[in-house]
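Each number in our numbering comes from the position in the sequence shown (counting from 1) with 1 added on.
Working notes, beginning with the structure itself.
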Amino acid sequence: MQLLLSSKKYQLILVLILISAPLLTGAFQHLQAGGPIQKKNVLLIIADDLTATALGCYGNRQCRTPHIDKLASRGIRFENAYCQFPVCGPSRAAMMSGMYCQNIGVIGNGASDRFTANLGNRPSLGQHFKNHGWYSARVSKIYHMRVPGDITAGVDGPDHKASWDDAFNCQGPEWMSAGKHEHLSNEKLKRIPEQHYKLGFGGAFYTVRTQSAAGDFQPDKIAADKAIQLLKSNKNSPFFIAVGFVRPHVPLVAPEKYFEDYPASNLSLPEKIQNDWQDIPKAGISKNTKSIGLNDQIGKQKKILQAYYASVAYMDHQVGRVLTELDRLGLRNNTIVIFKSDHGYHLGEHDFWQKMSLHEESTRIPLIVSMPGGSHAGKSSCLVEAIDLFPTLSAICGIPIPEHCQGKDLRRVLQNPNHKVRDTAYCMTGRGHMIRSSRWAYIQYKDGSNELYDMKNDPQQITNLANAASHRTTLNQMKTILADKLQSFAGPD
Ligand SMILES: [Ca+2]
């Protein structure tokens, strides 16, 4: 009898163990020897108007970017990452919503203030982390901010307040900075300090060599200071800290010593191709160098390059300051660090300057993802879109990927840089669309004109093959791929 009772008792205990095992396993998922599993931190650093071609780790041999290069050496550097729209507002709206510009309904800078209403109840990237217990903070420009107007005014711009626990603007004097001033293009500028907008500085190649060697009062210095302070004060809580640097967006303001590092006469401009515009459709001629006074002005062009590189190097220095603090606090082993730009930029390729073009230098972005502890370093040729960050960061941090996200989870690429998750990458402007496959870049404008480039044999996009009979089949294939892509935007979102 005793034996029978004991046996029943043991059976009961066994049943209880079996029932509770999955629950216990679930509970243990949050525990490690010695305490709860640490949630991973996210440090997202975004530069403004930075082309990948200006960075040492992307092959530039003139501009020196040791801190970004060092991050690249311990992370995955993506060689074929693309923004969704080569201008600030829409590209940032896409990245932060995880949706294509058509679906978030921000298809121009002017539409940036529709983001909050259009996003509705769907969480943004920062908000998603906040909702899951991370401290979420914005430092300076993450959503659209007009540079220099919103910076000199020290205001939010069209922000999305629900993304953040805290948001910090980094007000600076920009074109009013003390130092040596030069205006290298033709725009008419108004100099009215108390008015921040419609002064003409937003697209002008206006340069300032500041007197202060440290760049005191500059927004990127202030942003790095704030980021360092936030890392210190949040080192014990999981954080999602997004840091926006406004350089190398114009005006090109940096301390004099950074200009001195790049004497204009020593710099090489992109090769001038004879009759380069002959096979580019009119809709593809982006910013006419003639209208801003840069045609045949090699001296001015080199000065712009000098000021751009000075601004990039100065921004790189601020990136270094933030990452040094991350190391000093011992946070690197538990922090995912992302460095990227909002879109690319032309520095004289095809005689184009600035953004808004659907060509390679304008649509491609630098993107570096450094995993905690710097594991899995390397480079990836996988096609990537900026909207892939939302699902990727969510997945790495063990929080659900929201249903509205249209990007891909890149975790497998981060584990093995040879892995591919995409067949195409897509970008648009008000003039048309660009779709990349691993081999081809196809651009289709609203007026029906096209460009087709063989990115394997012609990475500089010098020969437009859209009208070549020999490439008719490829052209039609790319047209079909693009049509399918555009069709996919017409879903319930
Ligand atoms: Ca920008």
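The C-beta atom is built at its ideal place from N, Cα and C for all residues, glycine as well.
None of these values were measured; they are calculated from a predicted model.
Indicate whether S98 and R139 have their beta-carbon atoms separated by less than 8 angstroms.
On the sequence shown, residue 98 is found 97 positions in, with the first residue counted as 1. On the sequence shown, residue 139 is found 138 positions in, with the first residue counted as 1. Their beta carbons are not under 8 angstroms apart, which means S98 does not touch R139 by this criterion.
Just tell me which of L306, H129, P252 has its CA closest to the CA of C64.
For the purposes of this step, residue 64 is taken as the residue at position 63 of the sequence shown. Minimum Cα distance to C64 is reached at L306.
Measuring only from the beta carbon, is H344 closer than 7 angstroms to any heavy atom that is part of ligand 1?
Position 343 of the sequence shown, counting from 1, holds the residue named residue 344. Indeed, a heavy atom of ligand 1 lies less than 7 angstroms from the Cβ.
Any non-hydrogen atom of ligand 1 within 7 angstroms of H351 CB
For the purposes of this step, residue 351 is taken as the residue at position 350 of the sequence shown. Result no, Cβ not under 7 angstroms from ligand 1.
Rounded distance between the beta-carbons of E261 and G180, thought under 8 angstroms:
The sequence position of residue 180 within the sequence shown is 179, counting from 1. The sequence position of residue 261 within the sequence shown is 260, counting from 1. Not quite, the Cβ-Cβ distance comes to about 13 angstroms (not below 8 angstroms), so this is no contact.
Might you give, ordered along the chain, the residues of its own chain that have their beta carbon closer than 8 angstroms to the beta carbon of G111, omitting 5 neighbours on each side?
Counting from one through the sequence shown, the residue named residue 111 turns up at place 110. So the list reads G90, once near-sequence residues are dropped.
Starting from R210 and walking both ways along the beta strand (DSSP E), at which residues does that stretch end?
Counted from its first residue, the sequence shown places residue 210 at position 209. Counting along the chain, the beta strand (DSSP E) containing R210 begins and ends at 207 to 211.
Whole angstroms are fine: how far does the CA of W278 sit from the CA of H133?
One-based indexing of the sequence shown puts residue 133 at position 132. One-based indexing of the sequence shown puts residue 278 at position 277. When rounded, the distance between both Cα atoms is 51 angstroms.
Regarding H250 and ligand 1, is the C-beta to nearest heavy atom distance less than 7 angstroms?
Here residue 250 corresponds to residue number 249 of the sequence shown, with the count starting at 1. Under cutoff, so the answer is yes.
Just grab the DSSP bridge partners of M429 for me.
Within the sequence shown, numbered from 1, the residue matching residue 429 stands at position 428. Paired residue(s): H434.
Every unbroken beta strand (DSSP E) inside the stretch 129 to 176 [3 residues or more]
136 to 141, 167 to 169
Less than 8 angstroms between the CB atoms is what I'm expecting for Y310 and A55, so what's the real figure, rounded?
If you number the sequence shown from 1, residue 310 lands on position 309. If you number the sequence shown from 1, residue 55 lands on position 54. Between Y310 and A55, the beta carbon gap of about 7 angstroms places them in contact (Cβ cut-off 8 angstroms).
Using a 10 Å radius around the Cβ and a threshold of 16 neighbouring Cβ atoms, would you call A118 buried or exposed?
Residue numbering aside, residue 118 sits at position 117 when the sequence shown is read from its first letter. Exposed, by the Cβ-count rule.
Below 8 angstroms on the Cβ atoms is my contact criterion, and I expect C84 with A73 to pass it. Report the Cβ-Cβ distance as a whole number of Å.
In the sequence shown, the residue the question calls residue 84 occupies position 83. In the sequence shown, the residue the question calls residue 73 occupies position 72. So it is not a contact: roughly 19 angstroms between Cβ atoms.
In whole angstroms, what is the alpha-carbon distance linking P1 and G285?
Here the chain comprises residues numbered 2 to 494, so residue 1 is not present and cannot be evaluated.
So, H360 versus Q462, is the Cβ gap smaller than 8 angstroms?
Here residue 360 is taken as the residue at index 359 of the sequence shown, counted from 1. Here residue 462 is taken as the residue at index 461 of the sequence shown, counted from 1. In this structure, H360 lies near Q462, with their beta-carbon atoms less than 8 angstroms apart.
Using 7 angstroms as the cut-off, classify the Cβ of C102 as near or not near the heavy atoms of ligand 1, replying yes or no.
As a first step, residue 102 must be located in the sequence shown, where it is residue number 101. Taken from the Cβ of C102, every heavy atom of ligand 1 lies 7 angstroms or farther away.
Is the beta carbon of C89 within less than 7 angstroms of some heavy atom of ligand 1?
If you number the sequence shown from 1, residue 89 lands on position 88. The answer is yes for C89.
The beta strand (DSSP E) enclosing V254, as first and last residue numbers
As a first step, residue 254 is located in the sequence shown; it is residue number 253 there, counting from the start. Residues 253 to 256.
Inter-residue Cα distance where the pair is G300 and Q212
Within the sequence shown, residue 300 is the residue found at index 299, counting from 1. Within the sequence shown, residue 212 is the residue found at index 211, counting from 1. Roughly 24 angstroms separates the two Cα atoms.
Could you give the distance in angstroms between the alpha-carbon of G1 and the alpha-carbon of G449?
Residue numbering for the chain in the displayed model covers 2 to 494; residue 1 lies beyond these limits and cannot be assessed.
To which residues of the same chain is N458 closer than 8 angstroms at the C-beta, ignoring the five residues directly before and after it?
Locating residue 458 in the sequence shown gives position 457, where the first residue counts as 1. Closer than 8 angstroms at Cβ, skipping near neighbours: no residue.
For S125, is the classification buried or exposed, using 16 other Cβ atoms within 10 angstroms of its Cβ as the cut-off for buried?
For the purposes of this step, residue 125 is taken as residue 124 along the sequence shown, with counting starting at 1. Looking at its Cβ environment, which holds 16 or more other Cβ atoms inside 10 Å, S125 is buried.
According to DSSP, residues forming a beta bridge with L384:
Against the sequence shown, residue 384 aligns to sequence position 383. Paired residues: N81.
Validate contact between the stretch 406 to 417 and the stretch 432 to 452 using beta carbons, cut 8 angstroms, 3 pairs
no
Expected contact under 8 angstroms - CB spacing of R115 and Y198 to nearest Å:
Here residue 115 is taken as the residue at index 114 of the sequence shown, counted from 1. Here residue 198 is taken as the residue at index 197 of the sequence shown, counted from 1. With a Cβ gap of about 19 angstroms, R115 and Y198 do not count as contacting.
My understanding is that M372 touches L415, with C-beta atoms under 8 angstroms, so please give their C-beta distance in whole angstroms.
Stepping through the sequence shown from its first residue, residue 372 is reached at position 371. Stepping through the sequence shown from its first residue, residue 415 is reached at position 414. Approximately 6 angstroms separates the beta-carbon atoms of M372 and L415; this is inside 8 angstroms, confirming the contact.
Can we say the stretch 241 to 248 touches the stretch 37 to 47, given the rule of at least three CB pairs closer than 8 angstroms?
Enough Cβ pairs lie closer than 8 angstroms, so yes.
Looking at D166 and ligand 1, is the gap between the Cβ and the nearest heavy atom below 7 angstroms?
The count along the sequence shown starts at 1 and reaches residue 166 at position 165. No.
Across which residues does DSSP place E511 in a beta bridge pair?
Outside the shown range of the chain, which is 2 to 494, sits residue 511, and nothing can be said about it.
What does the Cβ neighbour count give for I193, buried or exposed, with the cut at 16 atoms within 10 Å?
As a working note, residue 193 is residue 192 in the sequence shown. Burial state of I193 is exposed, judged by a 10 Å Cβ sphere holding fewer than 16 other Cβ atoms.
Could you have a look at T66 and say whether DSSP puts it in helix, strand or coil?
The residue you call residue 66 lines up with position 65 of the sequence shown. Coil at T66, not helix or strand.
Hey, which unbroken runs of the alpha helix (DSSP H) at 4 residues or more fall wholly within the stretch 293 to 335?
299 to 329
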